[in-house]
Structures are given as structure tokens and as C-alpha cells.
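In the numbering used here, the protein residues as written are 2 to 298.
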């Protein structure tokens, strides 16, 4: 499987974690149910077709590249990489994720902050309104691609934490006819029922054909909290989840993992990760929490 080199992956994970944590905390405030701010919900609906990304995990990375390269840049990138062998593709991907591009991506991700109040949202809108129309349209398009990436990555990670399986596994299995995968995917991201043709049509067919058993199960999943148990260390667990979703969590030494936690801005005392021994305990607790979540499904 192709993936960016370690430095690139971990840098993006560090910068993505704080924003994902805000959404995770919103979940906890809502008793485990989706309770994003009205502004975030509006954006989620506007870019709702991000759910189509779940059909193919590679699309998550493509959405991020689109945010920084634009459509023409991504087209050139795909044309170059498709002509190479698997080994050459990995070498090209490593060289493409250069320190210069990584710094550029890092700067933009550092500047991506979800406003936390009406005042902050208004300030963001006012700032955008000051831009020339052409520049504003370019930024709006880039922002839309980034939100595609952000939402799909967040819910993909959340599904891994809750169900032990990513959305990019559940959705293809659901499309192939697996009812259990369909229901689990809907529990994680209800946007599927609004914006994914298969999920929308499957529910409509069940309603028109009177599939009461299926509709009863679906209603249970729709009303069921996404999170069934409180997370004591949301920032730490989200970082663990992100690293697991990009296949790095099990490959890092605990010393490396502690450095990443520090780089992500996690407070040592609040998360009880003052040293490697404490971090190891937190990692064990994370895996126990995941198993407990699976047993509650």
C-alpha cells in the first residue's frame, strides 16, 4: 500500500489532531451524539458529497492534495505516478512530499482553525469578504476540498475507534449488500443517508417495500449515540486513532509516540503522559476502551 513517508504522515497527524479533537469534544457534549455547531453543520451539508470518498480510501489523500495542488496539479500528479511501477510510485511519492511542500501544507493546516464562537465565525466571514472575488473563489474551492478531506478523515478515524473498522471498509461492504456494515456506517455518519446515492436509495426502497425489520434496525442506529462511553483523554485518543488510521500507531516506539504527543500540543499532566511508562499505560487503556466500545455495539 502506498503512503507518504513517515515524516510527512506524522507531521500531518500532529496538525490534524487538534481540530479533530474539537469535533470529538462536541460529540461528548452531546452525550455521544453529533452536536456540531450550526456553522459546522451548514458546512457539512454543503460539502456533503465527501461521503463518496468512503468508497475508496485513496480518495481521502486525493482530497488533501486537491486542497493544495488544485485540480490541474492533481491531474498532473496522477498522470506521472500511474506510469510508474509500485516501487517507483513509492519513491516518487516520497520525493513529491518534499520538505518545501510539507512546510507549505503544515502552514496551511496550522492556519486552519474551526471558529469556536459566533464572534469568531463572523470575523472569519468578514475577513473573507474583504478579498477580491477571484481570490475568494479560489480560496473557497480549496477550503471545500479541505473540508472534504477533514470530514472524511475524522469519521474514518472515529469508525475505527468505535467499530474497529474504517468507514472506507464499511461503506464498500455495505454497497456489496452487507446489512450490518450499512447500519454501522450510518451510526457513524448520518450524512450517508442524505448524500450517498446507494444509502439514500436503499433506505427509500426499504420504505416503499415495507421492510419493517430493516427500518427498525436503521432507526436504532440513527438514534444510537456514536460514542457509547465517555473518553477520559479525548485529545490523546484522537491522536492514537489518527495514527492508527494511517497505519503508524503500531510501528512507532513509545519514545517516538511521546514526542508526537508533545508536537501535537497535548498537555503531559492533563493526559497523564508525563513519561514513556505513563504513555504505555494510556495506550493500553485506549485499546481496552476500543474493545469495550465494540462489545456495546
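Ideal Cβ positions, reconstructed from N, Cα and C, are used throughout, including at glycine.
Taking 8 angstroms as the cut-off, the beta carbon of residue 132 is found no closer than this to the beta carbon of residue 242. Straight-line measurement puts the Cα of residue 61 at about 30 angstroms from the Cα of residue 281. Taking residue 255 as the centre and dropping the five residues before and after it, the same chain places the C-beta of 277, 280, 281 and 284 closer than 8 angstroms to its C-beta, in chain order. For the pair residue 265 and residue 15, the CB atoms are nearer than the 8 angstroms cut-off. When the five nearest sequence neighbours on each side are left out, the beta carbons in the same chain lying within less than 7 angstroms of the beta carbon of residue 68 are those of 143, 146, 147 and 150, in order along the chain. By the C-beta density criterion, residue 158 is buried, having at least 16 other C-beta atoms within 10 angstroms.
Under the three-state reduction of DSSP, residue 39 is assigned to helix. Here the alpha carbon of residue 210 sits roughly 12 angstroms from the alpha carbon of residue 202. CA-to-CA, the gap between residue 292 and residue 231 works out to about 14 angstroms. Straight across, the Cα-Cα distance linking residue 185 with residue 134 is about 42 angstroms.
DSSP places residue 266 in the coil class of the three-state scheme, outside both helix and strand.
In chain order, 11, 14, 15, 240, 244 and 253 place their CB closer than 8 angstroms to the CB of residue 261, counting only its own chain and leaving out the 5 sequence neighbours on each side.
Under the 10 Å beta carbon count, residue 156 is surrounded by 16 or more other beta carbons and is classified as buried.
Between residue 274 and residue 259 a beta carbon distance of about 7 angstroms is seen, short of the 8 angstroms cut, so the two are scored as contacting.
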